[in-house]
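In my numbering, the protein residues as written are 1004 to 1081.
Written below as structure tokens is the structure these notes are about.
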């Protein structure tokens, strides 16, 4: 699945890459996260909500697509 060679964020030196970092705090994607936050309001920082709520999942997929992070591996995922 073209896994990264390192557990660290490619944009945040010394920070371990994980779902929470990518979706909530990576400064590289601050604009995309802000847009997600505007659509989801207070539930943006709730990872279980983002991954399971019927209204959140499509918005999360749009967020992931807008970062371009998965384009080389999966193409357009929105």
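Glycine included, C-beta positions come from ideal geometry on N, C-alpha and C.
Quick caveat: nothing in here was measured; it's all calculated off a predicted structure.
- Here DSSP, grouped into helix, strand and coil, assigns residue 1042 to helix.
- Counting only the Cα atoms, residue 1015 lies some 8 Å from residue 1030.
- For residue 1019, the beta-bridge partners assigned by DSSP are 1011.
- Apart from the 5 residues on each side of it in sequence, residue 1009 has no Cβ closer than 6 Å to any other Cβ in its chain.
- Rounded to whole angstroms, the Cβ separation of residue 1042 and residue 1062 is 5 Å, and the two are in contact under 8 Å.
- Note that the C-beta distance between residue 1032 and residue 1070 is below 8 Å.
- For residue 1059, same chain residues with a beta-carbon under 7 Å away, outside a window of 5 residues either side, are 1043, 1046, 1052, 1053 in chain order.
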